[in-house]
Amino acid sequence: MAQKEEAAAAATTTEESAPASQNGEDLENLDDPEKLKELIQLPPFEIVTGERLPVNYFKFQFRNVEYSSGRNKTFLCYVIEVQDKGGQVQASRGYLEDEHATAHAEEAFFNTVVPTFDPALRYNVTWYVSSSPCVACADRIIKMLSKTKNLRLLILVGRLFMWEEPAMQAALKKLKEAGCRLRIMKPQDFEYIWQNFVEQEEGESKAFEPWEDIQENFLYYEEKLADILK
Ligand SMILES: [Zn+2]
């Protein structure tokens, strides 16, 4: 630990070569808050705090179909922007998946990432989630926002989860009242995820290929959400 701090200090006094060596480090200890804090404090987009999604996961889980049968996991990609004491905005990103986290992905974010926040700084967090939160997670988000005053949260979702249910609709309304911004992902948002959070194989085209009904489904969910929140 001490050795690493020394190395980091040395790097800042010489060249900005620190990110290169830190990039090479394993990300095995992401559940260690100190380790995660270190990663989050790195310069913008030098490092991804978590592995990229396999292409197939993205193509299946994020697809904004109207009926999400078989899609029973939640993938949560996040971007954290924090303004440091010098006024510079630093960003970090990663993804969580509920199967590995053994909790809903939203809860996993609160349990592993939020505890690393410095109460003296302000955090703008954007989530790109395959589907909107369940009632229990909506409740957790509301509680987390009320006790974490330095956190602003924007949630972009591919699909609305169980939106026909009155309890779910009520939960989404409460989420909005609690100051959480909720949006349906546009085709450009899926492209952003593709470019920033999905594994890219060497030598393969990196262009995002939108599926046929991407725009139509976006409009479908956007209209449902507007109806629920009005
Ligand atoms: Zn949930």
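Here the sequence shown stands for residues 1 to 230, where the numbers follow the UniProt record's numbering. Note that CB positions come from ideal geometry on N, CA and C, so glycine has one too.
{"Asked": "With a floor of 4 residues, list each alpha helix (DSSP H) that falls wholly inside the segment 167-205, ordered by position along the chain.", "Found": "187-197"}
{"Asked": "With H, G and I counted as helix, E and B as strand and the rest as coil, what does DSSP make of Glu164?", "Found": "coil"}
{"Asked": "Using the rule of at least 16 other Cβ atoms within 10 Å of the residue's Cβ for burial, across every protein chain shown, is Ala171 buried or exposed?", "Found": "buried"}
{"Asked": "For ligand 1, is there any heavy atom lying closer than 7 Å to the beta carbon of Glu201?", "Found": "no"}
{"Asked": "Where do the N-terminal and C-terminal ends of the alpha helix (DSSP H) with Glu81 fall, by residue?", "Found": "Element bounds for Glu81: not the alpha helix (DSSP H) but the beta strand (DSSP E), Phe75 to Gln83."}
{"Asked": "With the cut-off set at 8 Å, would you say Tyr123 and Val82 are in Cβ contact?", "Found": "yes"}
{"Asked": "Confirm the yes/no value for this check: CB of Glu106, any heavy atom of ligand 1, distance under 7 Å.", "Found": "yes"}
{"Asked": "Of the residues Arg52, Lys206 and Val114, which one's Cα is nearest the Cα of Arg140?", "Found": "Val114"}
{"Asked": "Can you tell me whether Ala138 is buried or exposed? The criterion is at least 16 other CB atoms within 10 Å of its CB, across all chains shown.", "Found": "buried"}
{"Asked": "Using 8 Å as the threshold, is the C-beta distance between Ala105 and Leu151 below it?", "Found": "no"}
{"Asked": "Using only alpha-carbon positions, find the residue among Phe110, Ile155, Glu223 and Phe161 that is nearest to Lys147.", "Found": "Phe110"}
{"Asked": "Are the CB atoms of Phe197 and Phe208 nearer to each other than 8 Å?", "Found": "no"}
{"Asked": "Helix or strand or just coil, what does DSSP make of Asn56?", "Found": "helix"}
{"Asked": "By Cβ distance below 7 Å, which residues in the same chain neighbour Val55 in space, the five residues on each side in sequence not counted?", "Found": "Val198 and Glu199"}
{"Asked": "Is any non-hydrogen atom of ligand 1 found closer than 7 Å to the C-beta of Ala136, if you look at the structure I gave you?", "Found": "yes"}
{"Asked": "DSSP on Ser132, reduced to helix/strand/coil?", "Found": "coil"}
{"Asked": "Of the residues Thr116, Met144 and Ser130, which one's Cα is nearest the Cα of Glu107?", "Found": "Met144"}
{"Asked": "Taking the beta strand (DSSP E) that Leu153 belongs to, which residues open and close that run?", "Found": "Leu151 to Arg159"}
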